[in-house]
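Residue numbers (our numbering), protein chains in the order written: chain A, 446 to 677; chain B, 10 to 349.
Rendered as C-alpha cells:
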C-alpha cells in the first residue's frame, strides 16, 4: 500500500485537492482510503463518502494534534492494509503552523492557498519546510504576479520542494500531482519509521489540567519572554 | 553553478561578499530568524556564534543550515530571470467527450496569437490544462503536447512546475495590500530582475497606456478599478512574467485598450491563446480554433475577407469608444459621432 501525508492550514483546500487527486488517479471505489485528523469537528467525511471513498475521522480534542497523529498513524496504516487499499491518505490541519505529520520515506504534501497572504509560506514552519511537494490552491482568483511571488516565497523556505498549482474546483494541476503519488514508495508497516521533525514539546502543569495563572502553578517545559525592566 | 561549486564558495568566502552578490540571501536568514550574523566570517564560522536552540525550532542543525543555504543559492542562482524558453508548442489531438478524434495536429509559435472559441463548458479550460501540465496522453482527452517538437520526460514536466502558462481572467484580483510601486518592485525582486528599475518603470507606463483612466505609483493595487487592474496585470505579464505562454480569458468588457494589450503580449515574444467571442480580438488572431464537445473540431486561418471585416469592426469599435469617452467626460452624444 502507498501512504501519503497531506497537511496544511485549515481551509487551504486539502480535501478538495485530495478529491481531485482521487479523480485523476481513477481508482475503483474502495481502492483508496482517507484518515482525517482534526481537532474539534469536521465535515469533510461527507465529501469523501459522496465520492465513495472510505474515510475515518479522529479528533484530537484537548491533545496536541501532532501527538494525536503520531500515536494513531500505525492504527491507520493497519486499517488501510486490512481494507486492501492501494493508497491511504492522511489529512491533517497544521493548526499551529508548526505541525509536521511527515514521516521519512512517506510522500509528504503541504497544501497552502494563494489567499492566505503573500508572506504566509515564510511563516509556516516544518509543515512547509519538510514537505516533498507544496501544492498551491486558489490561484485562479489572484493575479499572475501574486502567484509568482507566492511561489518565490515558498522556494525560499523549501528550495527543493516541487511546487504544484492545483485548482480545487476544476482539478487543473491534479494530473501532475497524481504522477507523483503513483511514484510514492509502498509500505507494509511503519514500525520503527521516524518522523521528519519533532512534535511540539508539551509537558507542563497546564497539559495536565492546570488553569490557574502564576509562577507557583507552572511546572515542566516552560519558555519565558524577556521584557525590559524584568528582574532576573 | 552546481550545488558543489556553491558549497566550495560558501566554505571559503566571507558571508558579506556572498550577500553583496546575492541580496536575496537576506531572506534566507530572515526566514530562520537569524538577524545578527557576523557577516565578516564565513557562514560556517558565523553560525557557530548562533544559539543552537534557535535552529531546533526550525527543525535544523547547524550543518543543515549550511547545506540548505547552498541549496537556496543553487535554486536562486539558476537565473530565475531566464524562465522557460519555448519557441513552439505542438498539440497532438486526442478525443472529444464522445470519444471521437479531434483535429490531429496543430502548432503555435512565439509571437502568434490564437483565439479559442466555443460555448461555455465546451472544453476550453481543459485545453489549457492539457498544455499547462504538458499532457502526455495521460489526461481525459488523451492529448499529447510537444515543446519545440519533442515530448518531455516526466522529470522535465515537473521541472516546469506550472511555469509554462500565465493565466489572465476576468475574475482575478489583487489581494496584496501594496501600492502599485511596491507591488511591481516585489514582483521584479522575485524574478531576480537585473534591471529592476527599468522593468518596473516600463511596466507602469504600459499599464497606464492600456488603462482608460490613469493611475499613480502610490495607489494601492486593491483600489484600482477593474480596467486599471486588468491593465496592470497585462503589462506585468508582458514585461515581468517568465511564462512563455499566456492565456487570456474574456477581457471583452474590461475597459482597457484590448488591441494594444494583445499587441504588447505578442511583441514580448510570447505565445498568446485568447478565449473570446469578441470579433475584434478573434479576427486579430492569426488562427482560431473551434472547440466543440471537449475536442478541437476546426482550425481556421483568419482569411483575407475576415481581415477586411476586422477593419470594419475596428471602425465600429472606434465609434463606441468615442461615445464612451464622451460620456465619461460628461459630454452629450451627438449623432455625427455615429458616422465617424
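Glycine residues also receive a C-beta, built at the ideal position from the N, C-alpha and C atoms.
Positions of the beta strand (DSSP E) runs, each at least 3 residues long and wholly inside the segment 553-625 of chain A, are given as 578-582 and 607-610 in order along the chain. Counting only Cβ-Cβ distances below 8 Å, residue 34 of chain B has no contacts in chain A at all, with the closest Cβ about 10 Å away. For residue 14 of chain B, no chain A residue has a Cβ inside 8 Å of its Cβ, as the nearest lies near 16 Å away. Distances from the alpha-carbon of residue 643 of chain A to those of B/21, B/13 and B/64 put B/64 closest. Against chain B, the beta carbon of residue 587 of chain A has neighbours under 9 Å at 181, 182, 183, 184 and 185, listed in chain order. Straight-line spacing of the CA atoms in residue 459 of chain A and residue 581 of chain A works out to 10 Å.
By the beta-carbon neighbour count (other beta carbons within 10 angstroms, threshold 16), residue 29 of chain B is exposed. Relative to residue 245 of chain B, the option among B/207, B/222 and B/282 whose CA is nearest is B/207. The DSSP assignment places 24-30, 34-40, 52-56 and 61-66 as complete runs of the alpha helix (DSSP H) inside the segment 15-82 of chain B, in order along the chain (cut-off: 4 residues). Under DSSP, no beta-bridge partner is assigned to residue 650 of chain A. In this structure, residue 616 of chain A places its C-beta atom within 9 Å of the C-beta atom of residue 465 of chain A.
One finds 588, 589 and 590 in chain A with Cβ atoms closer than 9 Å to the Cβ of residue 242 of chain B, taken in chain order. Not a single CB atom of chain B sits nearer than 9 Å to the CB of residue 673 of chain A. The DSSP-derived three-state label of residue 531 of chain A is coil. Per DSSP, reduced to three states, the secondary structure at residue 632 of chain A is coil, with no helix or strand assignment. When the alpha-carbon of residue 535 of chain A is set against those of A/517, A/528, A/541 and A/527, the nearest one is in A/517. Shown here, residue 513 of chain A sits in a helix according to DSSP, grouped into three states. Between the beta-carbon of residue 298 of chain B and that of residue 98 of chain B there is about 13 Å, and that puts the pair past the 8 Å contact cut. Nearest to residue 577 of chain A by alpha-carbon distance, out of A/519, A/625, A/502 and A/544, is A/625. Fewer than three beta-carbon pairs drawn from the segment 179-195 of chain B and the segment 265-273 of chain B are found closer than 8 Å, and the two stretches are therefore not classed as touching. Per the C-alpha coordinates, the member of A/608, A/618, A/557 and A/510 positioned closest to residue 469 of chain A is A/618. Among the CB atoms of chain A, none fall inside 9 Å of the CB of residue 227 of chain B.
Here residue 247 of chain B is near residue 276 of chain B, since their CB atoms are less than 9 Å apart. Listed as beta-bridge partners of residue 115 of chain B by DSSP are B/100. In the DSSP assignment, residue 210 of chain B forms no beta bridge with any residue. By the Cβ-count criterion, residue 564 of chain A is exposed, with fewer than 16 other Cβ atoms from all chains shown falling within 10 Å of its own Cβ. Contact check for residue 26 of chain B against residue 589 of chain A fails: the beta carbons are separated by 9 Å or more. For residue 258 of chain B, the pairing in a beta bridge is given by DSSP as B/178 and B/284.
For residue 461 of chain A, the uninterrupted alpha helix (DSSP H) segment begins and ends at 459-470. Residue 560 of chain A belongs to the set of residues whose beta carbon lies under 9 Å from a beta carbon in chain B. At the C-beta level, residue 594 of chain A and residue 555 of chain A stay beyond 9 Å of one another. CA-CA distance, residue 614 of chain A to residue 552 of chain A, rounds to 24 Å. The beta carbon of residue 83 of chain B is closer than 6 Å to those of 12 and 15 in its chain, skipping five residues each way along the sequence. Proximity of the segment 63-79 of chain B to the segment 134-144 of chain B falls short of the contact definition, fewer than three beta-carbon pairs being nearer than 8 Å. Following the DSSP letters along the chain, one finds residue 452 of chain A inside the beta strand (DSSP E) bounded by residues 447-453. DSSP places residue 483 of chain A inside the beta strand (DSSP E), whose first and last residues are 477-483.
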